[in-house]
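A.B. asks:
Numbering (the working numbering), first residue to last: 354 to 942.
#1: So, at 7 Å on beta carbons, what are the nonlocal neighbours of residue 358 in its own chain, with the 5 sequence-adjacent residues on each side left out?
#2: Determine, using beta-carbon pairs with one atom in the segment 522-539 and one in the segment 918-929, whether at least three such pairs fall under 8 Å.
#3: Does the structure place the segment 635-655 close enough to the segment 865-876 that three or more beta carbon pairs sit under 8 Å?
#4: Using C-beta distances below 6 Å, list every residue in its chain close to residue 657, excluding the 5 sequence neighbours before and after it, in chain order.
#5: Taking only three categories from DSSP, how would you classify residue 463?
#6: Leaving out five residues on either side along the sequence, give the residues of the same chain with a beta carbon under 8 Å from the beta carbon of residue 917.
#7: What would DSSP say about residue 904, mapped onto helix, strand or coil?
#8: Residue 401 lies in the alpha helix (DSSP H); which residues open and close that run?
#9: By Cβ distance below 6 Å, which residues in the same chain neighbour residue 779 in space, the five residues on each side in sequence not counted?
#10: In three-state terms, what does DSSP make of residue 582?
#11: According to DSSP, residue 675 sits in a beta bridge with which residue or residues?
#12: Terminal residues of the continuous beta strand (DSSP E) containing residue 526?
#13: For residue 914, which three-state DSSP category applies?
#14: Residue 423 and residue 383 look like a contact to me (Cβ under 8 Å); what is the Cβ gap, rounded to whole Å?
#15: Give me the Cα-Cα distance between residue 482 and residue 431, rounded to the nearest whole angstrom.
#16: Quick test of the definition: if touching needs 3 or more C-beta pairs under 8 Å, does the segment 584-601 touch the segment 515-523?
#17: Which stretch, first to last residue, makes up the beta strand (DSSP E) that contains residue 658?
#18: In whole angstroms, what is the alpha-carbon distance linking residue 360 and residue 416?
#19: Would you list the residues sitting across from residue 741 in a DSSP beta bridge?
#20: Nearest-angstrom Cα distance between residue 366 and residue 372?
#21: By a C-beta neighbour count over all protein chains shown, 10 Å radius and 16 as the cutoff for buried, is residue 960 buried or exposed?
#22: With which residues is residue 666 paired in a DSSP beta bridge?
#23: Strictly by DSSP, which residues pair up with residue 848?
#24: Rounded to whole angstroms, what's the CA-CA distance from residue 369 to residue 385? Just pull it up for me.
#25: Using only the alpha-carbon positions, how far apart do residue 813 and residue 695 sit?
#26: Only counting the same chain, and skipping five residues up and downstream in sequence, which positions put a Cβ closer than 6 Å to that of residue 842?
#27: What is the DSSP secondary structure of residue 840, reduced to helix, strand or coil?
#28: Out of 580, 563, 608 and 577, which one is the CA nearest neighbour of residue 592?
#29: By alpha-carbon positions, which one of 776, 898 and 478 ends up nearest to residue 758?
#30: Report the three-state DSSP secondary structure of residue 761 (helix, strand or coil).
#31: Going by the CB atoms, is the gap between residue 737 and residue 818 shorter than 7 Å?
#32: Determine the DSSP secondary structure at residue 928, reduced to helix, strand or coil.
#33: By a C-beta neighbour count over all protein chains shown, 10 Å radius and 16 as the cutoff for buried, is residue 723 buried or exposed?
#34: With H, G and I counted as helix, E and B as strand and the rest as coil, what does DSSP make of residue 602?
#35: Can you tell which of 857, 405, 375 and 412 has its C-alpha closest to the C-alpha of residue 391?
#36: Start and end of the beta strand (DSSP E) containing residue 941?
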């Protein structure tokens with residue numbers, strides 16, 4: 354039967370006589386025991402038998418009732434008559450909702466302010482204030498990506514007419530040490546001259562500085578730029594509010610042409626040679642190919658031998674040339690087909706003549722770098738080279754049959770070399786398909802089972818120097834290993850060759866800046882880029898702007914005394930892309 358007043362169901366009737374004669378709860382049973390003893394004057398034995406207690410329990414119960422140790426009718430405590438949440442907190446919750454925050458967001462902001470209330474309490478306060486639930490919002494409206502990452506601000510050039518004072522932490526403050534060297538080289542003027550792409554909100558200089566920043570900190574892939582696109586302090590380095598997003602950086606080079614990049618490389622290396630002539634003063638240049646593996650299946654790349662994987666696979670074939678003395682990279686190029694590999698040395702010669710107006714240096718490369726016909730062309734063009742000759746069975750047999758008297762002992766003065774005293778046999782040979790004869794040096798007793806054959810067209814270079822120069826060709830391989838390790842050369846940016854060339858070109862620029870910076874670090878002049886980064890660059894700091902100048906505040910560390918000896922970092926420097934504002938490095942305790 355339905356009760357219309359309280360909308361409840363009455364399904365059964367209670368027998369009150371049975372209810373009082375047969376108590377079910379402990380508190381009711383204790384009450385009936387005391388009542389029977391006090392009011393009904395029943396004996397203890399009768400009451401104990403009636404309610405199932407022991408006699409001793411009856412006496413204890415009566416005693417406790419008299420002393421007030423038990424409450425036969427406990428007072429029911431009532432809850433608070435008003436909300437426990439203070440009016441100030443309620444007002445804060447209402448203000449947050451008017452700003453469009455959800456219950457979860459409001460709870461998060463209150464926790465940050467040290468106010469610990471549950472999301473359910475927030476919901477009740479909002480309901481009592483007349484607020485309904487928010488409509489479901491998209492990730493874009495929430496300011497988050499599908500991976501729940503907060504969407505950063507849109508990167509754009511700094512507007513100094515509206516820029517307010519700031520004081521922000523930055524994770525890699527040491528990157529600001531490179532600004533005086535960037536200004537010294539003038540490479541940004543070359544970027545303008547080459548008319549590299551720009552957008553409506555990000556100029557070409559700012560885009561290239563962002564790329565250079567990522568190279569200077571040893572960033573692995575451009576897609577990892579997202580780790581720094583919410584750091585306004587790092588955005589200052591490039592003249593932006595924040596660094597561009599990964600998509601912008603990954604696609605920027607797609608608007609460049611091969612002609613633009615080669616023009617940029619020619620002008621950059623020319624100005625580097627002018628500013629830092631000691632990096633380009635070696636008498637020998639080491640050349641080598643490097644294959645960057647690609648793991649995609651739909652690319653149009655050729656199969657190339659990838660030493661990093663120990664097998665042939667799809668990849669980008671690139672070329673690097675380094676100065677034998679400084680080991681600085683002087684040339685790089687991508688988009689090399691296997692059918693064109695042999696002629697890359699001639700392209701380098703043409704490039705080097707444009708840079709220096711001559712090619713007096715001796716080129717050093719291995720036997721697979723080019724063909725005999727190209728060696729003949731180099732001889733006609735009076736280009737000196739040192740390379741290896743490909744070995745074959747009859748050549749090895751003929752060489753090993755030479756008498757002991759015909760071999761000459763030569764000492765190769767290279768530190769840490771195990772076999773310094775080798776046997777050599779020198780002769781003049783004419784290679785198949787060649788018009789010219791070349792100087793051949795057969796080497797044995799050098800730690801290998803078969804002789805090595807060195808070819809050169811330099812008739813005047815002493816025999817000992819030939820052996821020493823080619824033995825030091827491993828320096829270009831060390832340089833490639835350094836670029837792979839720190840500048841992440843093998844982290845292929847794209848199967849599109851123009852993007853690969855753009856990437857390795859800025860790698861070359863960053864590597865040269867590291868070389869130049871190391872020259873100012875007393876006793877660290879020969880350290881490689883990863884060591885310089887770890888000891889001098891990778892340090893947190895604060896970027897402060899007071900409306901007139903920028904200050905980069907960095908706490909003192911173990912190697913700070915070396916940095917305080919760098920003259921360029923002890924005075925403020927004017928930065929054109931920061932509206933001519935000055936930047937000062939400040940060391941704090």
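Positions of the beta carbon are idealized from the N, C-alpha and C atoms, including for glycine. Note that the coordinates shown come from a computational prediction; the quantities given were computed from them, not determined experimentally.
C.D. replies: From the atom records:
#1: Confidence at residue 358 is low in this model, with a pLDDT of 48, below 50, so the placement of that residue is unreliable and no value is reported for it.
#2: yes
#3: no
#4: 644, 668 and 670
#5: helix
#6: 923 and 940
#7: strand
#8: 397-404
#9: 794
#10: coil
#11: 639 and 682
#12: Where residue 526 is concerned, there is no enclosing beta strand (DSSP E), given that its DSSP letter is neither H nor E.
#13: helix
#14: 7 Å
#15: 25 Å
#16: yes
#17: 656-659
#18: Any answer about residue 360 is weak, because its pLDDT of 49 lies below 50 and its placement is not dependable; what the coordinates show is given next. Rounded to the nearest angstrom, the two C-alpha atoms are 45 Å apart.
#19: 807
#20: 11 Å
#21: Summary: the structure shown does not reach residue 960, with the chain confined to residues 354 through 942, and so no result is reported for it.
#22: 657
#23: In DSSP, residue 848 forms no bridge with anything.
#24: 14 Å
#25: 26 Å
#26: 836
#27: coil
#28: 563
#29: 776
#30: strand
#31: no
#32: coil
#33: buried
#34: helix
#35: 412
#36: 935-941
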